[in-house]
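Read through the structure below, which is laid out as structure tokens, and then see the notes.
Now the structure itself:
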């Protein structure tokens, strides 16, 4: 650690001696945060990776615990609650925090509590809490929904929210903010500490934490930090026009791993993680120890990988965002980002996993997987070097999350109407909540709302004679606790190795074997490998193979919620698809990319094949100014195409495509469909679209009536409503003794959606779904900003044939589902040769 500047505040001797024994001095920001904590002040610490943020957050608590203050009740009491967005991070922090505690001989008990914690340990923690408990937002929500939770937290002195920037602007952040507001009521002496890497607007994050006694949250910034060494891989191979696999660069990525002490290979989706891991093992002639880590793997496998990383026995780990927050893997000296990072802040976070020390530069290698990603990687690199970062603005609290919290409060100690309203308004996302909306949300939890109140199953809380609202039945409370959380994932099935045993109907121990899909051998579910989405499995038939958990597996069949598989060998396994895990391109990086394209001076640093692509685009069509929108129309085969390049991300482009096709239909252009990528959007039609008034077509008023009409008839609204219904608790997937399938949940939510649309169109849950659709799934705000920016600045090029820029998005048109990723690449390659010949021919 760096030499400390002279400061008036100093640590107690035992702590000073510990730092000195390691050859360190406490940093200025560590002392400032400790002093603030010992003074009872809440604070937000902003410090770069490796700056000792986590230790700084705990120092005041360790000092207070060293003095062993007795709890007011005389019983064991929880002193500090640490909240992490990741289970792996909580486990890592426990390991790292126990080191100074043990070396200083402090009598302090530290434990974790996550979804992986056994029930017996959770019960023991309730009866005999540790001094410091490390947990997740969902576990806090479960605590709040339990009996005597107010007594459990009454002696709480400190709450630490780690990686606060990664959670605040999300539904999980909404749920956590409500939980923190509750803790502020139950434990008035509690201070709140936020820990974050460099962020765009620290003041906004500081205001997200609850205030204590009206005092402002202190903002502490760490000085110093060393810039990252970022390289972009300019592959010897041809850079693909489209796609995100990165398969072409595997030999070069493998060489980079060989040259590192330990490398983390980050990807943006679980599907890509499985693919890249398999490709690296095919290239692994040296038998290097390379592992796989993502959220769908069994917890035992993830823990084995994390333990191996901590011991330094791995050479590389292919991972998703499960490892990109805060975790200190000391041996990592290289981060490889496969594909564009989609945001400068995310890139900084991931780069920080290498050389997890503030005074040493982290080393990163960016690997663009297609030509447009070359630009995005360059833009991200330039942003990091300039110290400019992006970030999501704070959000208005979601009403479905509020309903879940109200239900949780009723399941716990109960609530009175007005005090709970005041408590909720202490949570920053709900600071502007009005009484009428609050009452409507309470009514949703109590009766289901006007249109549903005749159905007994929607009555979940009741007001008692003493004026306190409590859960209606013990079963309602149990059901709520089983479904806590603000993340609604697709139906997950357990992937288990199949054991062939005995004959059909024969009992082995207490479990009866079953026949699967006509196989006369009896099969029993064996070791769990992880979880996979029901949708993907529904596309397979017995005998098909797919990649999962780093292995090639053969699908045998489904038994209840288990996918039974055997190990297999084949060159063409399917790649599992997941609905979650994809990041949108941030507005900040999109703007940088537009400026880079417009500036020929910046083309000189690009690979030759990309620079030539730009030059031919300028010759055959146009490269617009950064505040303009290029729209190209051209015929191809028996269709007519309209292609535009907003660079606003896939979500905004999909919404734009849906709205444009409605307008084109009214204009008589007979649109047949559209496709959207991160960078462009293409519509194809039966008739020529070159004579259409583009200013009128792209007028911002499409976000009015056109959007409302489309939403009313769109299946997307049903899916959005289904998520809101599950988060609010109106529909529960997990029930005591059983679990609904995805089809059962969809049937139930579709039925309620139709009832509410017909009988109560202003129902609070429909309002919540519309809010979600506008801010999340449709990216309306971003699309609105884009339409305003390009008003009167649309550059239309009516071309005779496809332009170079149109090739990537045109390759997305007509892609068909195939079981093999390599087969898909072959199909695309065949189409690509024709498109490139027409677009690039001079």
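Numbering (the working numbering), first residue to last: 1 to 842.
Where is the CB? At the ideal position from N, CA and C, for every residue including glycine.
Considering only the alpha carbon of each residue, which of the options lies closest to residue i?
i           : options               : result
residue 167 : 450, 321 and 219      : 321
residue 29  : 188, 14, 46 and 23    : 46
residue 724 : 32, 445, 500 and 604  : 445
residue 653 : 676, 21 and 439       : 676
residue 466 : 316, 415, 500 and 24  : 415
residue 81  : 291, 110 and 96       : 110
residue 588 : 739, 551 and 345      : 345
residue 655 : 690, 836 and 716      : 716
residue 79  : 336, 32 and 159       : 159
residue 141 : 808, 593, 486 and 749 : 486
residue 439 : 231, 670, 812 and 763 : 763
residue 613 : 541, 553, 838 and 217 : 838
residue 766 : 783, 720 and 741      : 720
residue 347 : 384, 334 and 373      : 384
residue 153 : 56, 413 and 651       : 413
residue 735 : 57, 481 and 265       : 481
residue 164 : 151, 202 and 112      : 202
residue 699 : 785, 526, 477 and 592 : 785
residue 340 : 116, 242, 115 and 559 : 242
residue 112 : 674, 96 and 272       : 96
residue 255 : 365, 323 and 274      : 365
residue 178 : 157, 208, 76 and 199  : 208
residue 473 : 601, 410, 425 and 422 : 410
State buried or exposed for residue i, treating a residue as buried only when at least 16 other CB atoms are found within 10 Å of its CB.
i           : result
residue 368 : buried
residue 186 : buried
residue 464 : exposed
residue 816 : In this prediction, residue 816 has a pLDDT of 34, which is less than 50 and means its spatial position is unreliable; what the coordinates show is noted afterwards. Classification for residue 816: exposed.
residue 691 : exposed
residue 507 : Its pLDDT being 42, under 50, residue 507 is placed unreliably by the model, and nothing is read from it.
residue 223 : exposed
residue 144 : buried
residue 661 : buried
residue 513 : Reliability of the predicted coordinates at residue 513 is poor, the pLDDT of 39 falling under 50, and the value obtained from them is presented with this limitation in mind. So residue 513 counts as buried.
residue 9   : exposed
residue 747 : exposed
residue 768 : buried
residue 14  : exposed
residue 550 : buried
residue 435 : exposed
residue 890 : Outside the shown range of the chain (1 to 842) lies residue 890, about which nothing can therefore be said.
residue 238 : exposed
residue 565 : buried
residue 524 : buried
residue 16  : exposed
Are any of the Cβ atoms in chain C nearer than 8 Å to that of residue i?
i           : result
residue 540 : In the structure shown, chain C cannot be found, because there is only a single protein chain.
Who are residue i's beta bridge partners in DSSP?
i           : result
residue 469 : 415 and 463
residue 212 : 215
residue 111 : 133
residue 738 : 735
residue 681 : 644 and 676
residue 557 : 564
residue 796 : 631
residue 636 : 639
residue 231 : 365
residue 196 : 46
residue 40  : DSSP, once it has assigned bridges, lists no residue as partnering residue 40.
Tell me, to the nearest whole angstrom, how far the beta carbon of residue i is from that of residue j; I am working on the premise that it is less than 8 Å.
i           : j           : result
residue 176 : residue 137 : 4 Å
residue 261 : residue 331 : 6 Å
residue 749 : residue 727 : The Cβ separation is near 11 Å, so there is no contact.
residue 808 : residue 680 : 7 Å
residue 318 : residue 267 : 7 Å
residue 215 : residue 41  : 6 Å
Taking 8 Å as the cut-off, does the stretch 680-689 touch the stretch 639-646 (at least 3 CB pairs, one atom from each stretch)? yes
Using 8 Å as the cut-off, can you tell me whether the stretch 693-713 makes contact with the stretch 784-804, which would need three or more C-beta pairs spanning the two stretches below that distance? yes
So, do the stretch 73-93 and the stretch 134-151 have three or more beta carbon pairs nearer to each other than 8 Å? yes
Given 8 Å, three or more beta-carbon pairs between the stretch 448-455 and the stretch 409-426: The stretch 448-455 vs the stretch 409-426: no contact.
Taking three-plus beta-carbon pairs below 8 Å as touching, is the stretch 369-386 in contact with the stretch 235-246? Between the stretch 369-386 and the stretch 235-246, the count of C-beta pairs closer than 8 Å reaches three or more; the two stretches touch.
Under 8 Å, with one C-beta from each stretch per pair, do the stretch 250-259 and the stretch 279-297 reach the 3-pair mark? yes
If you pair each beta-carbon of the stretch 523-535 with each one of the stretch 285-302, do three or more pairs fall below 8 Å? yes
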